[in-house]
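J.: When the sequence shown is numbered by our numbering, its final residue is 1158 and no position is left out of the sequence of numbers.
Pasting a structure below so you can have a look.
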Amino acid sequence: IVNVMLGSSLLVLPWAYSRSGLLPGAMLVCGIGAFSRYTSSLILRWSEGHDDFSEMCKSYLGKPAWHICLLSSLILLIGALLAYHTIMSDFLNSLSQAVMGGSDKSGSLFWAVARALFLDRRLAPIPIGVLVFPFANIRDVSTLARITSYGIVAVVFTVCYIVITSWGSFLAAVEAGHGNISFTFEEGSGNPDNTLLIPLAGRNWGDLAGILPVSFFVHNLIIPIMRGEDPIKWKMLQHDVAFSLVVLIYSVVGASPVFSFAAAMQTCGFFKNETRCDNFGTCVWQSFKLTEVEMFRREGLHTFSSVCVQQPMSQNFLRTQLPPWPSPLMSKFLHTLVQSAVLVQLLTIFPLVCAIVRGQFFVYVSGVEYPGKVQVFAFEAFAIGLSTLVASSFPDAPGEILGIVGAISGTLYVCVLPISLHLVALNNSGTLTITSFILHVILMLGGTFLFVQAVI
């Protein structure tokens, strides 16, 4: 369950968390996590005799609910494909900049085309699409599924990288003593005295409310995951422990970069006030009391200051410029390593998700999961072409894509359908009470109001 829920939303959570602020962010992660846990447990509770949730909807709620279930699942998976493609293109472009940025082979046509494709953020989605297209057409993706199962290693590495580097940058700024720490409720407040400002609350919490249903989405796979001979109480215990662990991970991963980004912005202010020297290297050598470690740290900060811009955190956290920690060289190495690990992970996940989308689409329109090579080729060409176009047109918007998708599919798949199914099942068993009905209707309306904030 944990492996299914932890995915690319890890990289957009810090952006959404920074827009909501620490307090609303923590409340939303815990609240929506608990809400998703409850609706997922409702599916598990009534799952006996059923193979998947769409079949349950058809059995309890009728064929219209089956249509809604499949369509909302398709919307969510397509949105995940769009976000994956955008993030992969971003990483490919960043890694290409590191490898090819300083090279110049103007006499080679091949090199000129390669530089155009890989070094332009709006063209980088094209080689990604070409690379994954053959694998997306494979009928039996069991091999890809086995490879994808090892992606948890990349996920753990990403979580550790985000948390450790974030707190490292923050503590380095605090130890440097360049400013005071202040918690603020004022969004976009100024920083005249170089104070390290930590935002406690913001007004843009709708983005996080839209992303979290995607982050906690396991509802379409909870039945096959928990299938077995274990007692229902043991399954529920495993289910609840998994959700609690994911809530903890999301809370730490979302909150930690808020502190490091505050340190980055404070460091920007420090560079504006620290020195008037035109040559930073000269300033360093004139300060004879600097140790070698401090000198390298300052050189790294100087490199950071050249790209220091007062702007919102990037929607893809790994594109956010932070003060290098623990050293410029190690920071660059770890950053390149985690980008490479996530890129490889998503390259294996993308064809698998394409195959799931393909299967659900053809089952929906024709009742057959694999209608033939020509139809599959045409469908995958359209799907990957669409994701390439979106990634090229909106290279900086993976968080907004997930927020919109989460608002739509979260409302239907995570909120309305499970609660409606639960009420019908209680009514069929003769155990539905007026109190239970009213409470669940209030819960459904509250969840719908919360999720749609991303598109309001």
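Built from N, CA and C at the ideal position, the CB exists for glycine as well.
For clarity, every value in this text was computed on a predicted model and none was experimentally measured.
With distances taken Cα to Cα, identify the nearest neighbour of Ile849 among Pro1053, Trp1027, Asp822.
T.: Checked all of Pro1053, Trp1027, Asp822; the closest Cα to Ile849 is Pro1053.
J.: Check the DSSP bridge columns for Ile864 and list the partner residues they point to.
T.: DSSP lists no partner for Ile864.
J.: Could you tell me the alpha carbon to alpha carbon distance between Leu744 and Leu833, rounded to whole angstroms?
T.: Leu744 and Leu833: Cα-Cα distance of roughly 40 Å.
J.: Using CA atoms only, rank isn't needed, just tell me which of Gly904, Leu1020, Leu1125, Gly912 is closest to Val955.
T.: Checked all of Gly904, Leu1020, Leu1125, Gly912; the closest Cα to Val955 is Leu1020.
J.: Report the CB separation of Gly831 from Ile1086 in whole angstroms; it is logged as a contact under 8 Å.
T.: 5 Å between Cβ atoms; contact.
J.: For Met758, report the span of its alpha helix (DSSP H) as first-last.
T.: Segment 755-763, the alpha helix (DSSP H) holding Met758.
J.: Any contact between the stretch 764-784 and the stretch 1107-1126? By contact I mean 3 or more CB pairs, one from each, below 8 Å.
T.: The stretch 764-784 vs the stretch 1107-1126: in contact.
J.: On a CA-only basis, which of Ser1033, Leu794, Gly1132 is nearest Ile866? Give me that one, please.
T.: Checking every option, the nearest Cα to that of Ile866 belongs to Ser1033.
J.: Just curious, the alpha helix (DSSP H) that Pro1120 is in, first and last residue?
T.: 1119-1131 is the extent of the alpha helix (DSSP H) around Pro1120.
J.: Going by the CB atoms, is the gap between Leu1104 and Val714 shorter than 7 Å?
T.: For Val714 and Leu1104, yes; Cβs fall inside 7 Å.
J.: If you count every other CB in all the chains shown that lies within 10 Å of the CB of Ala818, and 16 or more means buried, which is it?
T.: Per the 10 Å Cβ criterion, exposed.
J.: Spell out a yes or no on whether the stretch 922-940 and the stretch 1132-1151 are touching, meaning 3 or more CB-CB pairs, one atom from each, closer than 8 Å.
T.: Contact fails: fewer than three Cβ-Cβ distances are below 8 Å.
J.: Helix, strand or coil, according to DSSP, for Asn795 in the structure here?
T.: In this structure, Asn795 counts as helix in the three-state DSSP scheme.
J.: Below 8 Å, how does it come out for the stretch 760-768 and the stretch 1037-1053: are there three or more Cβ pairs, yes or no?
T.: Taking 8 Å as the limit for Cβ pairs, the verdict is that the stretch 1037-1053 does not touch the stretch 760-768.
J.: Please state if the CB of Leu797 and the CB of Ala957 are separated by a distance shorter than 7 Å.
T.: Taking 7 Å as the Cβ cut-off, Ala957 and Leu797 do not qualify as a contacting pair.
J.: Taking 8 Å as the cut-off, does the stretch 748-757 touch the stretch 1033-1050 (at least 3 CB pairs, one atom from each stretch)?
T.: The stretch 1033-1050 vs the stretch 748-757: no contact.
J.: Distance check for Ser720 and Gly709, CA to CA, integer angstroms please.
T.: Going from the Cα of Gly709 to the Cα of Ser720 covers about 19 Å.
J.: Reducing DSSP to helix, strand and coil, say where His752 ends up.
T.: Here His752 sits in coil by DSSP.
J.: Below 8 Å on the Cβ atoms is my guess for Leu873 versus Val1107; work out the distance and round it to an integer in Å.
T.: That pair is no contact at about 36 Å.
J.: Please identify the residue among Val704, Gly1149, Leu1147 whose C-alpha is closest to the C-alpha of Ile924.
T.: Out of Val704, Gly1149, Leu1147, Val704 has the C-alpha closest to the C-alpha of Ile924.
J.: Counting C-beta neighbours from all protein chains within 10 Å, is the total for Trp987 16 or more, i.e. buried, or is it exposed?
T.: Unreliable positioning characterises Trp987 in this predicted model, as indicated by a pLDDT of 33, which lies under 50. The coordinate reading is nonetheless provided below. The residue is exposed, with fewer than 16 neighbouring Cβ atoms inside 10 Å.
J.: For the alpha helix (DSSP H) holding Thr1038, just list the boundary residues, first then last.
T.: Per DSSP, Thr1038 belongs to the alpha helix (DSSP H) from 1030-1068.
J.: Does the distance from the C-beta atom of Ser945 to that of Arg747 stay below 7 Å?
T.: Note that residue 945 is Phe in the sequence shown, not Ser. No, the pair does not count as a contact, with Cβ atoms beyond the cut-off.
J.: Would you give the residue range spanned by the alpha helix (DSSP H) that Leu1136 belongs to?
T.: First, the residue type needs correcting, since residue 1136 is Ile and not Leu in the sequence shown. Segment 1136-1153, the alpha helix (DSSP H) holding Ile1136.
J.: Judging by CA-CA distance, which residue of Ile913, Glu1082, Asp932, Ala736 is the nearest neighbour of Val1154?
T.: Selected option, being the one with the closest Cα: Ile913.
J.: In angstroms with no decimal places, state the Cα-to-Cα distance between Ile840 and Phe1084.
T.: One C-alpha to the other measures close to 16 Å.
J.: Going by the beta-carbon positions, is the gap between Tyr863 and Val1040 smaller than 7 Å?
T.: For Tyr863 and Val1040, yes; Cβs fall inside 7 Å.
J.: Count the other CB atoms, across all protein chains shown, that sit within 10 Å of the CB of Phe990; report buried if there are 16 or more and exposed otherwise.
T.: Residue placement at Phe990 cannot be trusted, given a pLDDT of 34 that sits under 50; the coordinates are not used to answer.
J.: Could you tell me the distance, in whole angstroms, from the CA atom of Tyr762 to the CA atom of Thr1133?
T.: Between Tyr762 and Thr1133, the C-alpha separation is close to 15 Å.
J.: Just curious, the alpha helix (DSSP H) that Val714 is in, first and last residue?
T.: Unbroken alpha helix (DSSP H) run through Val714: 711-722.
J.: Take the Cβ of Arg1060 as the centre, count every other Cβ of all protein chains shown within 10 Å, and call the residue buried at 16 or more, exposed below.
T.: Label assigned to Arg1060: buried.
J.: Whole angstroms is fine: what's the gap from Trp717's alpha carbon to Val960's?
T.: Approximately 8 Å, taken between the alpha carbons.
J.: State the start and end residues of the unbroken alpha helix (DSSP H) segment that holds Glu1102.
T.: 1100-1111 is the span of the alpha helix (DSSP H), which, as asked, contains Glu1102.
J.: Is the distance from the Cβ of Val857 to the Cβ of Met707 below 7 Å?
T.: No, the pair does not count as a contact, with Cβ atoms beyond the cut-off.
J.: Tell me whether Leu825 sits in a helix, a strand or coil according to DSSP, three-state version.
T.: Leu825 falls in the coil class under three-state DSSP.
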